[in-house]
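Everything below concerns the one structure shown next.
2 protein chains.
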Amino acid sequence: MRPREFDHDDVLRIAFDQFWRKGVRGTSLSDIARDAGVQRGSLYNAFGSKEALFLQAYERYAGDYLVALQKALGAGSLRKRLTAFFDLTITNFRSGSPPRGCPTTRGLMELGATEGEGLDEDARRAFANLVSRITALVQDTLSAGAERGEFSGNPAVAALHIITVTRGLAVLERAFDDEPQLRKIAVHTIDLVLGKGAR
Amino acid sequence: MRPREFDHDDVLRIAFDQFWRKGVRGTSLSDIARDAGVQRGSLYNAFGSKEALFLQAYERYAGDYLVALQKALGAGSLRKRLTAFFDLTITNFRSGSPPRGCPTTRGLMELGATEGEGLDEDARRAFANLVSRITALVQDTLSAGAERGEFSGNPAVAALHIITVTRGLAVLERAFDDEPQLRKIAVHTIDLVLGKGAR
DNA sequence: GACGTATTTGACACGATGTCAAAAACATGC
DNA sequence: GCATGTTTTTGACATCGTGTCAAATACGTC
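Taken in sequence, the protein lines are chains S and V.
Take the first sequence: its letters are residues 1 to 199, numbered as in the working numbering.
Take the second sequence: its letters are residues 200 to 398, numbered as in the working numbering.
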């Protein structure tokens with residue numbers, strides 16, 4: 001059989017970058033094909049469809065991101081861990097050239113928009129899955145913190161609250177493009193969760 | 200001069216409904232034209248472009264929504280006001296048929312995605328403007344509450360935190376479709392802000 | 001060295017946005 | 001009452017996007 005003339009992973013990286021910058025619906029397969037030096041038809045042959053290509057590119061990213069988060073949440077006092085978590089979150093959707101933004105949040109709000117199902121539904125599941133796993137990581141961190149007496153509250157509820165704030169930050173980032181503001185909100189959230197508001 | 204054969208506001212309503220349900224990029228002017236019983240060309244003549252039409256439809260919605268929010272924030276104890284605020288927020292992006300979601304958040308993440316500027320930038324400004332105005336409303340409510348001794352904290356920061364949570368709720372809504380969870384997060388947020396966490 | 005299989009390539013169908021000129025419908029002035 | 005002028009409507013067109021398909025191609029394999 002004839003061997004493939006392009007690198008699978010290279011294409012996924014290039015595709016994800018384009019999707020991230022211009023949105024899924026705003027990126028054409030012609031764009032990606034041109035950037036990757038591949039024929040459009042080859043992409044269809046290799047990945048099936050535009051959204052299938054996006055899904056694979058996204059899963060790639062999600063895996064890497066989860067690993068980085070796990071690392072950020074893994075050392076130091078509870079406050080340090082949460083600070084590192086928010087830092088990584090904000091850095092993630094502020095890196096690279098604008099308009100970037102959080103890929104997961106972008107995807108969640110942009111896809112899954114069709115009334116029926118289909119691939120959009122698969123994408124929604126992928127996004128939701130990453131959010132779930134991040135929430136679990138935060139919850140575990142809080143539980144461990146509670147055992148060490150650094151936190152007294154409901155880890156499940158607090159983790160949900162924290163994850164909600166990070167998603168909100170992803171939205172505010174696009175509305176205002178004001179990084180100091182985002183960091184202020186993050187610090188304030190940590191204070192509230194750790195009970196510094198209990199003054 | 201020849202009179203228009205369709206009602207300007209009717210079209211805006213129909214268009215907004217479609218945009219809301221299927222996303223801006225997922226809705227075609229042909230769809231709207233068919234639904235509204237208007238020729239596609241007439242829409243271009245009357246509104247200029249798809250995104251201009253969306254902008255007008257959105258502004259319409261934003262005005263109505265702001266009025267409703269103002270009402271929700273205007274009566275009762277501070278806790279009651281904030282509860283009404285979160286209720287309205289959640290109800291807003293859970294009303295109607297799926298997949299709905301918060302129009303502003305949907306728009307913010309979907310539009311403003313092009314690297315350059317143009318109409319996307321106008322849309323971004325419109326979204327950001329609504330978020331700003333809502334934040335101001337919440338901040339005023341908190342300030343008033345502080346004067347009555349119902350709140351002791353920085354109204355500006357707390358308002359930002361609250362608005363961040365509402366945007367996060369809009370994202371979680373699409374990820375999980377779990378309304379009780381959203382309401383739980385809302386209650387928890389109010390507790391944190393009002394200092395019930397100060398036990 | 002011939003064969004089979006997977007990839008590449010280019011043409012095609014279809015639908016979307018946006019433009020334009022010609023046709024149509026009404027208000028206005030004579 | 002009728003001609004005029006302005007605006008809307010209408011349909012054709014150009015362009016670009018997705019997705020499909022069959023023919024051509026290039027490589028492992030026997």
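Backbone N, C-alpha and C fix where the C-beta goes; we use that ideal spot for every residue, glycine too.
This one's a predicted model, so the numbers in the text were calculated from it and none came from an experiment.
- Near chain S, meaning a CB-to-CB distance below 8 Å, the residues of the stretch 367-391 of chain V are G367, L368, A369, V370, L371, R373, A374, F375, Q380, K383, I384, H387, T388 and L391.
- In terms of Cβ geometry, V:H360 and S:H188 form a close pair [threshold 8 Å].
- If you draw a straight line from the Cα of V:G348 to the Cα of S:C102, it is about 38 Å long.
- V:P297 sits exposed, since fewer than 16 C-beta atoms from the chains shown fall within 10 Å of its C-beta.
- Using beta-carbon distances, S:G23 counts as an interface residue toward chain V, with a partner under 8 Å.
- Counting the other CB atoms within 10 Å of its CB gives S:T104 a total of 16 or more, which places it among the buried residues.
- The Cβ of S:E110 sits closer than 8 Å to at least one Cβ of chain V.
- With 16 or more neighbouring CB atoms inside 10 Å of its own CB, S:Q139 falls in the buried class.
- For the 8 Å CB-CB criterion, V:M308 and S:R174 form a contact.
- Straight-line measurement puts the Cα of V:K383 at about 14 Å from the Cα of V:A283.
- Using a Cβ distance threshold of 8 Å, S:A15 and S:I32 count as a contacting pair.
- Taking a C-beta cut-off of 8 Å against chain S, the contacting residues of the stretch 270-302 of chain V are S296, P297, P298 and G300, listed in chain order.
- Residues A158 of the same chain have their beta carbon placed closer than 6 Å to that of S:V193, with the five preceding and five following residues left out of the count.
- The CB of V:F326 comes closer than 7 Å to the CB of A175 in chain S, given here in chain order.
- Taking the C-beta atoms as reference points, S:A126 is found nearer than 8 Å to S:E59.
- Annotated three-state conformation of S:L73 is coil, per DSSP.
- One thing to note: S:T141 has its Cβ no nearer than 8 Å to the Cβ of V:L368.
- V:S229 and V:R239 do touch by the CB rule: their CB atoms are close to 6 Å apart, below 8 Å.
- In this structure, the alpha-carbon of V:F285 lies about 31 Å from that of S:Y65.
- Closer than 8 Å to the CB of S:V11 there is not a single CB belonging to chain V.
- Within chain V, the residues whose beta carbon sits less than 8 Å from that of S:H161 are V364, I384, H387, T388 and L391, listed in sequence order.
- Of the other Cβ atoms in all chains shown, 16 or more fall within 10 Å of the Cβ of S:A57; this residue is therefore buried.
- Put simply, the CB of V:T340 is far from chain S, with every gap to its CB atoms at 8 Å or more.
- For V:L310, same chain residues with a beta-carbon under 7 Å away, outside a window of 5 residues either side, are V223, D319, A322 and R323 in chain order.
- Short of 7 Å from the beta carbon of S:L172, and not among the five residues preceding or following it, lie these beta carbons of its own chain, in chain order: L182.
- Taking a Cβ-Cβ cut-off of 9 Å, the neighbours of S:V131 in chain V comprise V370, L371, A374 and F375, given in sequence order.
- Using a Cβ-Cβ cut-off of 7 Å, S:R106 is close to M308 of chain V, given in chain order.
- For V:V337, there are no C-beta contacts with chain S under 7 Å, since the nearest C-beta of that chain is about 13 Å from it.
- Taking the beta carbon of V:V266 as reference, no residue of chain S falls within 9 Å; the closest one sits roughly 21 Å away.
- Of the residues assessed, S:T27 falls on the buried side of the cut-off, its CB having 16 or more other CB atoms within 10 angstroms.
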